[in-house]
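Chemist:
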Amino acid sequence: MPTLDQTRIAVIGLGYVGLPLAVAFGRKFPTVGFDINTQRVGELRNGHDHTLEVASDELQQASQLSFADDLEALKQCNVFIVTVPTPIDDYKRPDLRPLESASRTVGQVISRGGVAIYESTVYPGATEETCVPIIERESGLVFNQDFYAGYSPERINPGDKQHRLETILKVTSGSTAEVADFVDSLYASIISAGTHKASSIRVAEAAKVIENTQRDVNIALINELALIFHRMGIDTHEVLEAAGTKWNFLPFRPGLVGGHCIGVDPYYLTHKAQQMGYHPEVILAGRRINDGMGGHVAQRVAKLMAQRGLQTTRSKILVMGLAFKENCPDLRNTRVVDIVAELRSYNAQVDVYDPWVNAEEARHEYGLDLVQSPQPGHYDAIVLAVAHHQFVALGADGIRAFGKPDAVLFDVKRLLPRNLSDDCL
Ligand SMILES: NC(=O)c1ccc[n+]([C@@H]2O[C@H](COP(=O)([O-])OP(=O)(O)OC[C@H]3O[C@@H](n4cnc5c(N)ncnc54)[C@H](O)[C@@H]3O)[C@@H](O)[C@H]2O)c1
Numbered sequence: 008m009p010t011l012d013q014t015r016i017a018v019i020g021l022g023y024v025g026l027p028l029a030v031a032f033g034r035k036f037p038t039v040g041f042d043i044n045t046q047r048v049g050e051l052r053n054g055h056d057h058t059l060e061v062a063s064d065e066l067q068q069a070s071q072l073s074f075a076d077d078l079e080a081l082k083q084c085n086v087f088i089v090t091v092p093t094p095i096d097d098y099k100r101p102d103l104r105p106l107e108s109a110s111r112t113v114g115q116v117i118s119r120g121g122v123a124i125y126e127s128t129v130y131p132g133a134t135e136e137t138c139v140p141i142i143e144r145e146s147g148l149v150f151n152q153d154f155y156a157g158y159s160p161e162r163i164n165p166g167d168k169q170h171r172l173e174t175i176l177k178v179t180s181g182s183t184a185e186v187a188d189f190v191d192s193l194y195a196s197i198i199s200a201g202t203h204k205a206s207s208i209r210v211a212e213a214a215k216v217i218e219n220t221q222r223d224v225n226i227a228l229i230n231e232l233a234l235i236f237h238r239m240g241i242d243t244h245e246v247l248e249a250a251g252t253k254w255n256f257l258p259f260r261p262g263l264v265g266g267h268c269i270g271v272d273p274y275y276l277t278h279k280a281q282q283m284g285y286h287p288e289v290i291l292a293g294r295r296i297n298d299g300m301g302g303h304v305a306q307r308v309a310k311l312m313a314q315r316g317l318q319t320t321r322s323k324i325l326v327m328g329l330a331f332k333e334n335c336p337d338l339r340n341t342r343v344v345d346i347v348a349e350l351r352s353y354n355a356q357v358d359v360y361d362p363w364v365n366a367e368e369a370r371h372e373y374g375l376d377l378v379q380s381p382q383p384g385h386y387d388a389i390v391l392a393v394a395h396h397q398f399v400a401l402g403a404d405g406i407r408a409f410g411k412p413d414a415v416l417f418d419v420k421r422l423l424p425r426n427l428s429d430d431c432l
């Protein structure tokens, strides 16, 4: 194993997680940021990060960081940190292909004494059962004798300028007690919030996957309450505000659950549970409720329109926001597309407007052509789907200005005071 002053790091996968990490390490250690996407490597070499997580001056400050898309540059390294995506497939099963491919890469370049640390979110066991055997096979090295493994889950929150990599306490772990100490001290050197050394890799893997599962299930409960209170004609937010005065009532709010973490990670856990012969009920029930919220919003918009004598067929509806969360260009697994699809199933003409999102990406990922600026006075209904600061700045009057005089305004995120929208979750 290297000592800290011999450490030469490779970060494999330069996305939302990998780039900030490479930049943080690149201030202290010789670091190579590696990605198979040559375009991504090119933009980073030019000092630009399209995910907007790292500013150009921060990239420059990482004086020991270089970028590569070929394996040669990785051969100098002795610590390999894997930060590739862990998505689900169309059947909501874990898709481990990027992780397996990155493990093959590590296996091809790792030498004796090397350490492979995984940061991607997985189910307990994935690192040692799936990734380590690939490295052994590719390298011919023996695990925990010639090379070692660690797992340190990432907790960053894209778009959040307050909770940054360095200011979020980091869980660490290693395949032996010595490696766990090494991994812990490596992260402690860049994380000012400190570290928590878990007792094993599987504990650290499990900790990460339940952080997001807990959020998912809690939001599902609040979404279910919102469905119930809607039927009763009670304002969910007023109920939550009242209940929230109790010291141990948790402050969750109803809404769409998108993105590649909260709506995806629970499936990693349920997949593994099923493999172990346990059929999860609460977790999957939560997933079903949360996945139904986009359709529910659209149905309520259609009903409001019908109640006003507005036809949905050939109506013009504006959906404001496509990103999976506010003030962020990230489109992955956004559930706003469920609102759009359901409204289109009523033959409505739906325009989507999102000043944060790359129009080309929206077309490529979802076949949606974004409008550049919505026409004033044009729409029969407006769905305020994402709380981008630009929409907050418009206020109710600015948003309603896109609609015809009797247009319906549905406020998914409860961005506006209740009396200024026609309905909300
Ligand atoms: N984004 C978040 O908020 C967040 C937070 C915590 C944990 N995570 C987890 O971190 C992991 C990475 O997520 P992300 O959001 O950074 O993903 P991302 O899609 O933003 O980036 C992944 C990068 O990995 C690259 N890549 C894919 N396969 C590769 C390979 N075989 N070799 C080298 N590079 C490869 C891609 O080109 C891409 O640039 C996932 O497991 C995710 O669940 C993400």
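Position in the sequence shown (first residue = 1) + 7 = the working numbering.
Just so it is clear, CB atoms sit at the ideal spot from N, CA and C, and this is done for glycine as well.
Since the structure is predicted, the reported quantities are computational estimates derived from the model, not experimental observations.
With DSSP as the reference, please indicate the residues paired to residue 345 in a beta bridge.
Modeler: Beta-bridge pairing links residue 345 to no other residue.
Chemist: Identify which residue in 116, 98, 94, 99 has its Cα closest to the Cα of residue 106.
Modeler: 94
Chemist: Give the range of the beta strand (DSSP E) segment to which residue 323 is assigned.
Modeler: 323–327
Chemist: Closest to residue 274 by CA distance: which of 294, 70, 285 is it?
Modeler: 294
Chemist: Check whether the Cβ of residue 367 sits closer than 7 angstroms to any heavy atom of ligand 1, and report yes or no.
Modeler: no
Chemist: Nearest-angstrom Cα distance between residue 85 and residue 76?
Modeler: 17 angstroms
Chemist: Please say whether residue 121 and residue 87 have beta carbons closer to each other than 8 angstroms?
Modeler: yes
Chemist: Helix, strand or coil for residue 268? Go by DSSP, reduced to three states.
Modeler: In the structure shown, the three-state DSSP call for residue 268 is coil.
Chemist: How is the beta strand (DSSP E) around residue 232 delimited, first residue to last?
Modeler: Segment 208–239 is the alpha helix (DSSP H) holding residue 232; no beta strand (DSSP E) there.
Chemist: Am I right that residue 177 and residue 159 are in contact with their C-beta atoms under 8 angstroms? What's the rounded C-beta distance?
Modeler: 6 angstroms
Chemist: Taking all protein chains shown into account, do 16 or more other C-beta atoms lie within 10 angstroms of the C-beta of residue 38, making it buried, or fewer, making it exposed?
Modeler: Its Cβ being crowded by 16 or more others within 10 Å, residue 38 is buried.
Chemist: State buried or exposed for residue 98, treating a residue as buried only when at least 16 other CB atoms are found within 10 Å of its CB.
Modeler: exposed
Chemist: Going by DSSP, what residue range makes up the beta strand (DSSP E) through residue 158?
Modeler: 155–158
Chemist: How should residue 353 be labelled, buried or exposed, when 16 other C-beta atoms within 10 angstroms of its C-beta is the threshold for buried?
Modeler: buried
Chemist: What are the uninterrupted segments assigned as alpha helix (DSSP H) that are 4 or more residues long and contained completely in the segment 14–46, given in chain order?
Modeler: Complete alpha helix (DSSP H) runs here, min 4: 25–33.
Chemist: Hey, could you find the ends of the alpha helix (DSSP H) residue 194 is sitting in?
Modeler: 184–195
Chemist: Could you give the first and the last residue of the continuous alpha helix (DSSP H) run that contains residue 293?
Modeler: Start and end: 289–298.
Chemist: Determine the closest residue to residue 380 out of 82, 142, 366, 192, with distance taken between C-alpha atoms.
Modeler: 366
Chemist: Excluding the 5 residues preceding and the 5 following residue 325 in the sequence, name in chain order all residues of the same chain whose CB lies nearer than 6 angstroms to its CB.
Modeler: The beta carbon of residue 325 sits closer than 6 angstroms to the beta carbons of 358, 381, 386, 389, 409 from its chain, once the five residues preceding and following it are set aside; these are given in chain order.
Chemist: Could you have a look at residue 7 and say whether DSSP puts it in helix, strand or coil?
Modeler: Residue 7 lies beyond the stretch modelled for the chain, which goes from 8 to 432, so this question has no answer here.
Chemist: Using only the alpha-carbon positions, how far apart do residue 257 and residue 154 sit?
Modeler: For residue 257 and residue 154, the gap between their C-alpha atoms comes out near 43 angstroms.
Chemist: In the structure shown, what three-state DSSP assignment does residue 124 receive?
Modeler: strand
Chemist: DSSP three-state call for residue 424: helix, strand or coil?
Modeler: coil
Chemist: With 16 other CB atoms within 10 Å as the buried threshold, where does residue 315 fall?
Modeler: exposed
Chemist: Taking C-alpha atoms, which residue in 74, 180, 174, 104 lies nearest to residue 123?
Modeler: Nearest C-alpha to residue 123 among 74, 180, 174, 104: 180.
Chemist: For residue 445, I'd like the list of residues in its chain whose CB is within less than 6 angstroms of its CB, leaving aside the five on either flank, ordered along the chain.
Modeler: Lying before the first or after the last residue shown, residue 445 is absent from the chain, which here runs from 8 to 432.
Chemist: Could you please give the first and the last residue of the uninterrupted alpha helix (DSSP H) stretch that includes residue 434?
Modeler: This structure cannot speak to residue 434, because the chain is shown only from 8 to 432.
Chemist: Which whole runs of the alpha helix (DSSP H) in the segment 77–143 are 4 residues long or more, in chain order?
Modeler: 104–116
Chemist: Since residue 378 and residue 343 are thought to touch, with beta carbons under 8 angstroms apart, how far apart are those beta carbons, to the nearest angstrom?
Modeler: So it is not a contact: roughly 14 angstroms between Cβ atoms.
Chemist: Within 10 angstroms of the Cβ of residue 391, are there 16 or more other Cβ atoms? Answer buried if so, exposed if not.
Modeler: buried
Chemist: My guess is that residue 67 and residue 49 are in contact by the Cβ rule of under 8 angstroms, so how many angstroms apart are they, rounded?
Modeler: 17 angstroms between Cβ atoms; not a contact.
Chemist: Where does residue 379 sit, in a helix, a strand or coil, going by DSSP?
Modeler: coil
Chemist: Residue 387: beta carbon under 7 angstroms from a heavy atom of ligand 1?
Modeler: no
Chemist: Quick one: is the Cβ of residue 22 within less than 7 angstroms of any heavy atom of ligand 1?
Modeler: yes
Chemist: Which word fits residue 149, buried or exposed, when buried means at least 16 other C-beta atoms lie within 10 angstroms of its C-beta?
Modeler: Using a 10 angstroms sphere on the CB of residue 149, the tally of other CB atoms stays under 16, which defines it as exposed.
Chemist: Cβ atoms of residue 421 and residue 244: under 8 angstroms apart, would you say?
Modeler: For residue 244 and residue 421, yes; Cβs fall inside 8 angstroms.
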